[in-house]
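In this note's numbering, the protein residues as written are 440 to 655.
The block underneath contains the structure these notes are about, expressed in structure tokens.
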């Protein structure tokens, strides 16, 4: 593997990039991890803004190109390593549902969750990108009542994304603890990749807090 072939992930512990890091662990591929201390504002400093002007993680550099936005990172990485079996290939009848659930996360779950967290009313139905959050969760719950994973009996990258997000959503009491959501999130959290990232991120977050205390 050449230097340009190495995947570089810019990551902050216990942030949205944790899901992307979990996906890399699930894929079992080598990567170079650049950790940012968001508590110290490193994501807003010139060194990182030169990479991603939005100042957000996850951000991936691979073969000289930048990939940002969580769902784009998921699609890119899972397709890059088809041997891991986490993304149906184009032509597979499950490809459409797979993309549906990934984009549904970004277009509906994320904006709905943020509105709920900030106690904001959703926009008018004709303008809201997600309608209402109850319907978003109801759509997901209906699917999980039919199968253990979004595509049926087999896990995909979409489950890594959703399972990780629901863990946080329920932890912060943004997402109601519906039994099917609890079981689904626990199913993803029980996987070794999730456990490795959670443990490492907890240590990184503690180190970042300690570094701020020393500076203060």
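A virtual CB, placed ideally from N, CA and C, is assigned to each residue, including glycine.
Review point. Where residue 503 and residue 446 are concerned, what is the direct C-alpha to C-alpha distance, given to the nearest angstrom?
Key: Position 64 of the chain shown, counted from the start, is the residue given in the question as residue 503. Position 7 of the chain shown, counted from the start, is the residue given in the question as residue 446. The straight-line gap from Cα to Cα measures roughly 10 Å.
Point to revise | First through last residue of the alpha helix (DSSP H) which encompasses residue 507 | key: Against the chain shown, residue 507 aligns to sequence position 68. Taken as a continuous stretch (DSSP letters only), residue 507 belongs to no alpha helix (DSSP H), being part of the beta strand (DSSP E) at 504 to 507.
Point to revise | Alpha-carbon spacing of residue 489 relative to residue 515, whole angstroms | key: Looking up residue 489 in the chain shown gives position 50. Looking up residue 515 in the chain shown gives position 76. C-alpha separation (whole angstroms): 22 Å.
Practice item. Mind reading off the beta-carbon distance from residue 470 to residue 462? Whole number of angstroms is fine, and I expect it under 8 Å. Key: Residue mapping note: residue 470 aligns to position 31 of the chain shown, counting from 1. Residue mapping note: residue 462 aligns to position 23 of the chain shown, counting from 1. Their Cβ separation, rounded to whole angstroms, is 10 Å, which puts residue 470 and residue 462 out of contact at 8 Å.
Check your understanding: Which value, in whole angstroms, describes the spacing of the CA atoms of residue 473 and residue 595?
Key -> If you number the chain shown from 1, residue 473 lands on position 34. If you number the chain shown from 1, residue 595 lands on position 156. Distance between the alpha carbons of residue 473 and residue 595: 25 Å.
Practice item. From the DSSP output, in three-state form, read off residue 611 for me. Key: Counting from 1 along the chain shown, the entry for residue 611 is found at position 172. Of the three classes helix, strand and coil, the one that applies to residue 611 here is coil, per DSSP.
**Study point:** Cβ-Cβ distance between residue 452 and residue 644 below 8 Å
**Key:** The count along the chain shown starts at 1 and reaches residue 452 at position 13. The count along the chain shown starts at 1 and reaches residue 644 at position 205. Cβ atoms of residue 452 and residue 644: closer than 8 Å.
Review point. How is residue 498 classed by DSSP in three states: helix, strand or coil?
Key: By one-based count along the chain shown, residue 498 stands at place 59. In the structure shown, residue 498 sits in a strand (DSSP, three-state: E or B).
Exercise for review: Using three-state DSSP, classify residue 562 as helix, strand or coil.
Suggested key: Numbered from 1 along the chain shown, position 123 holds the residue referred to as residue 562. Coil, per DSSP.
Practice item. Output the boundary residues of the beta strand (DSSP E) element that contains residue 470. Key: Here the question's residue 470 lines up with position 31 in the chain shown. That run of the beta strand (DSSP E) goes 470 to 474.
Practice item. Compute the Euclidean distance between the alpha carbons of residue 652 and residue 640, then round it to the nearest angstrom. Key: Residue mapping note: residue 652 aligns to position 213 of the chain shown, counting from 1. Residue mapping note: residue 640 aligns to position 201 of the chain shown, counting from 1. Taking the straight line from one Cα to the other gives about 18 Å.
Check your understanding: Across which residues does DSSP place residue 448 in a beta bridge pair?
Key -> Translated into positions along the chain shown, residue 448 becomes position 9. According to DSSP, which records beta bridges pairwise, residue 448 is partnered with 472, 499.
Check your understanding: Under 8 Å between the Cβ atoms of residue 544 and residue 510?
Key -> Position 105 of the chain shown, counting from 1, holds the residue named residue 544. Position 71 of the chain shown, counting from 1, holds the residue named residue 510. The answer is yes: Cβ separation under 8 Å.
**Study point:** Coarse secondary structure for residue 588, derived from DSSP in three states
**Key:** Locating residue 588 in the chain shown gives position 149, counting from the first residue. Three-state DSSP puts residue 588 in a strand.
Check your understanding: Smallest Cα separation from residue 480: which of 450, 458, 526?
Key -> The count along the chain shown starts at 1 and reaches residue 480 at position 41. Closest by alpha carbon: 450.
Practice item. In angstroms with no decimal places, state the Cα-to-Cα distance between residue 517 and residue 624. Key: By 1-based counting over the chain shown, the position of residue 517 is 78. By 1-based counting over the chain shown, the position of residue 624 is 185. Those two C-alpha atoms are separated by around 20 Å.
Review point. What's the call for residue 552, buried or exposed, on a 16-neighbour Cβ count within 10 Å?
Key: Against the chain shown, residue 552 aligns to sequence position 113. It counts as buried.
Review point. Going by the CB atoms, is the gap between residue 563 and residue 626 shorter than 8 Å?
Key: Your numbering for residue 626 matches position 187 in the chain shown. Your numbering for residue 563 matches position 124 in the chain shown. No.
Point to revise | Sequence-distant residues of the same chain with beta carbon closer than 8 Å to residue 494, five excluded per side | key: Counting from one through the chain shown, the residue named residue 494 turns up at place 55. 482, 483, 487, 488, listed in sequence order.
Review point. For the putative contact between residue 448 and residue 497, defined by C-beta atoms under 8 Å, what is the C-beta separation to the nearest angstrom?
Key: On the chain shown, position 9 is the one that residue 448 refers to. On the chain shown, position 58 is the one that residue 497 refers to. Yes, residue 448 and residue 497 are in contact; Cβ-Cβ is about 6 Å, under 8 Å.
Exercise for review: Identify whether residue 616 lies in helix, strand or coil by the three-state DSSP scheme.
Suggested key: Along the chain shown, read from residue 1 onward, the residue named residue 616 stands at position 177. In this structure, residue 616 counts as coil in the three-state DSSP scheme.
Point to revise | Three-state secondary structure assigned by DSSP to residue 518 | key: Here residue 518 is taken as the residue at index 79 of the chain shown, counted from 1. In the structure shown, residue 518 sits in a helix (DSSP, three-state: H, G or I).
Review point. Just how far apart, CA to CA, sit residue 508 and residue 654?
Key: For the purposes of this step, residue 508 is taken as residue 69 along the chain shown, with counting starting at 1. For the purposes of this step, residue 654 is taken as residue 215 along the chain shown, with counting starting at 1. Residue 508 and residue 654 have their C-alpha atoms spaced approximately 31 Å apart.
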